[in-house]
Amino acid sequence: MKFDVAIIGAGAAGMFCAAEAARRGKRVVLIEGSAAPGEKIRISGGGRCNFTNLGIARDCYLSQNPRFALSALKRFTQWDFIARVDAAGIAWHEKTLGQLFCDGSATQIISMLTKDLKDHGVELWLKTQVHDVSQVNDGFSLATSGGAVVAESLVIACGGKSIPKMGASSFGYKIAEQFGLPIVETRPGLVPLTFAEQDLASLKPLAGVAVDGAAATGKTRFKEALLFTHRGLSGPAILQISSYWREGQPISINLTGQSDLAAQLQKMRGEAGRIALRTALKQFLPERLARHIEELSGVTGNLADQSNVTLERVAQLVQDWQMRPVGTEGYRTAEVTLGGVDTDALNSKTMEAKSVSGLYFIGEVVDVTGWLGGYNFQWAWSSGWAAGQAL
Ligand code: FDA
1 MKFDVAIIGA
11 GAAGMFCAAE
21 AARRGKRVVL
31 IEGSAAPGEK
41 IRISGGGRCN
51 FTNLGIARDC
61 YLSQNPRFAL
71 SALKRFTQWD
81 FIARVDAAGI
91 AWHEKTLGQL
101 FCDGSATQII
111 SMLTKDLKDH
121 GVELWLKTQV
131 HDVSQVNDGF
141 SLATSGGAVV
151 AESLVIACGG
161 KSIPKMGASS
171 FGYKIAEQFG
181 LPIVETRPGL
191 VPLTFAEQDL
201 ASLKPLAGVA
211 VDGAAATGKT
221 RFKEALLFTH
231 RGLSGPAILQ
241 ISSYWREGQP
251 ISINLTGQSD
261 LAAQLQKMRG
271 EAGRIALRTA
281 LKQFLPERLA
291 RHIEELSGVT
301 GNLADQSNVT
311 LERVAQLVQD
321 WQMRPVGTEG
331 YRTAEVTLGG
341 VDTDALNSKT
351 MEAKSVSGLY
361 FIGEVVDVTG
371 WLGGYNFQWA
381 WSSGWAAGQA
391 L
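So that you can map any letter, position 70 of the sequence shown is 70 in full-length UniProt numbering, and since no number is skipped, the others follow by simple counting.
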């Protein structure tokens, strides 16, 4: 069958792009391997889809060229997407840090997108595998389990490698390589960090303990919640820092989010020093963590018995606990894939490959990865929109 545009992948980027191209009169086929479109949208944001963020900015994206994403993000902004959500009658709220969630369910976003596809006549082929892609005179030829497709333009919206059991594959990267486009090395991002068995032995009793703290590596720091797990650390601050962390590096954990704990412990020592250190720490930390820090510090006796130097050392443990993760939980649980199609090979206004006319890459398959908090969906909408205007 012949189309103007073939899009592989009916995720956030592919669906948004398909509707935009069809709105402009293009005959579009949207090919999806899974049985339903937008499966990651469905599970996102704990089922409520954190669909964008009020604070979209260059610094919230990781890429070899962080400026690349700006063009699309500025031309189709968070406000543009919010206007679409409002027009669809979907109620939403800001949860924290500019993160916007549906009041009801993530399926509302999927319904909004599939309605757009239907209204504009996009052909959605589900449960369809693309076996092979080749360039032909008038565009691209696709061998699919649903039959042969010829299209003038081809958009790769296959997403990244995270959550393979939901249909994630390396297909998008393979197509890029087939057409000679460079790939920035991929790795899991927004993912829990794991520790070596010997470290876990002492950390395991803390599994389930959560604190409002901060995590840092190098000069990057996130002040959000942290969670101790059976395998290591998770929670928003850890997921965020995982995208910046590299194997072999330490991370610094602040368990309280405060910076003047030593002064506060000294004050408590002066006012009511006849208490154990763990009792004092319980004012700032959950009990299990207070006990753990007391053990780690090797301090015995009452608060009144401790010198300023000792209290400063304890405060440092709480506020700058140097930990050495050995790895991450990998693509099995990662929310995103860092790296991807090198942005140098793409036109930032249209997402078209500079060296292959008619071939476009959008969404997560591109080397643009956002922070946790709606940034990745905004990239999917913006890059999908940008390609949609150019097709
Ligand atoms: P996406 O992965 O959505 O879609 C790609 C599609 O291509 C899939 O449907 C796949 O089946 C299909 N496909 C792949 N290969 C194919 C082939 N060979 N043939 C046919 N089809 C093929 N982000 C955010 O901003 N806010 C949030 O709340 C969350 N929450 C969240 C939770 C969880 C658990 C995860 C795993 C991820 C998030 N994210 C998120 C990240 C967000 O889901 C992600 O960045 C976007 O879905 C990326 O959109 P894409 O359309 O690029 O890929």
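Backbone N, C-alpha and C define an ideal beta-carbon position, used for all residues, glycine too.
If I follow the unbroken alpha helix (DSSP H) through residue i, where does it start and stop?
| i | result |
| --- | --- |
| Trp379 | Tyr375 to Ala390 |
| Thr107 | Thr107 to Asp119 |
| Leu73 | Leu70 to Arg75 |
| Phe81 | Gln78 to Ala87 |
| Ile41 | Glu39 to Ile43 |
| Ala22 | Ala12 to Arg23 |
Who are residue i's beta bridge partners in DSSP?
| i | result |
| --- | --- |
| Gln99 | Asn53 |
| Glu94 | Leu100 |
| Val150 | Lys2 and Ser141 |
| Val341 | Ile183 and Val366 |
| Leu359 | Leu154 |
| Glu352 | Tyr360 |
| Leu346 | Ala353 |
| Leu372 | Partner(s): none; Leu372 has no beta bridge. |
From what residue to what residue does the beta strand (DSSP E) around residue i run?
| i | result |
| --- | --- |
| Trp125 | Glu123 to Trp125 |
| Leu142 | Gly139 to Thr144 |
| Lys2 | Lys2 to Ile8 |
| Val28 | Val28 to Ile31 |
| Val133 | Val130 to Val136 |
| Phe171 | First-last for Phe171: Phe171 to Gln178, but that is the alpha helix (DSSP H), not the beta strand (DSSP E). |
Once you ignore the five residues that flank residue i on each side, which residues in its own chain have a CB closer than 8 Å to its CB?
| i | result |
| --- | --- |
| Tyr244 | Leu62, Thr217, Gly218 and Thr220 |
| Pro205 | Arg288 and His292 |
| His93 | Leu100, Phe101 and Asp103 |
| Gly358 | Gly139, Phe140, Glu152, Ser153, Leu154 and Glu352 |
| Ile56 | Leu73, Thr77, Gln78, Tyr375 and Gln378 |
| residue 392 | Outside the displayed span of the chain (1 to 391) sits residue 392, for which this structure offers no information. |
| Gln64 | Val184, Asp342, Thr343, Asp344 and Asp367 |
| Asp59 | Pro66 |
| Thr128 | Ile31, Glu32, Gly33, Thr144, Ser145 and Gly146 |
| Phe195 | Leu203, Arg231, Gly232, Leu233, Met323, Arg324, Pro325 and Val326 |
| Val136 | Val150 |
CB-CB under 7 Å to residue i, same chain, minus the five flanking residues each way: which ones, in chain order?
| i | result |
| --- | --- |
| Gln389 | Glu20 |
| Lys354 | Ala345, Leu346 and Asn347 |
| Pro286 | Val209 and Val211 |
| Gly167 | Gly33, Ser34 and Glu39 |
| Leu317 | Ile293, Leu296 and Ser297 |
| Ile275 | Asn302 and Leu303 |
| residue 425 | Any answer about residue 425 is impossible in this case: the structure gives the chain only from 1 up to 391. |
| Asp322 | The amino acid occupying residue 322 in the given sequence is Gln; Asp does not appear at that position. For Gln322, where only same-chain residues beyond five positions count, the Cβ hits under 7 Å are Pro250 and Ser252. |
| Ala69 | Tyr61, Ser63, Val368 and Trp379 |
| Ala201 | none |
Got a sec: does the ligand HEM put a non-hydrogen atom nearer than 8 Å to the Cβ of residue i?
| i | result |
| --- | --- |
| Trp79 | For the structure depicted, the ligand HEM is absent and the ligand set comprises only the ligand FDA. |
Ordered along the chain, which non-local residues of its own chain (more than five positions away) have a Cβ less than 6 Å from that of residue i?
| i | result |
| --- | --- |
| Phe3 | Arg27, Val29 and Ala151 |
| Val314 | Ser297 |
| Leu54 | Gly98 |
| Tyr173 | Ile183 |
| Gly384 | Ala13, Phe16, Cys17 and Ile362 |
| Asp116 | Ala19 |
| Arg84 | none |
At least one CB of chain B closer than 9 Å to the CB of residue i: is that the case?
| i | result |
| --- | --- |
| Glu177 | The chain labelled as chain B is not found in the depicted structure, where only one protein chain is given. |
- Task: Return the chain-ordered ranges of every beta strand (DSSP E) run that is complete within the UniProt domain "RsdA/BaiN/AoA(So)-like insert" (187-336) and spans a minimum of 3 residues.
- Result: 210-212, 214-217, 220-222, 225-228, 232-234, 251-254 and 321-323
- Task: Spell out a yes or no on whether the stretch 120-128 and the stretch 6-25 are touching, meaning 3 or more CB-CB pairs, one atom from each, closer than 8 Å.
- Result: yes
- Evaluate contact between the stretch 129-137 and the stretch 35-44, counting only Cβ atoms and requiring at least three cross-stretch pairs below 8 Å. no
- Evaluate the contact criterion for the stretch 361-380 versus the stretch 4-13: three or more CB pairs, one atom per stretch, below 8 Å. yes
- Item | Three or more C-beta pairs below 8 Å linking the stretch 44-53 and the stretch 183-202 | no
- Task: Taking 8 Å as the threshold, find out whether the stretch 323-340 comes into contact with the stretch 157-166 through three or more Cβ pairs.
- Result: yes
- Message: With three or more beta-carbon pairs closer than 8 Å as the criterion, would you say the stretch 249-259 touches the stretch 198-213?
- Response: yes
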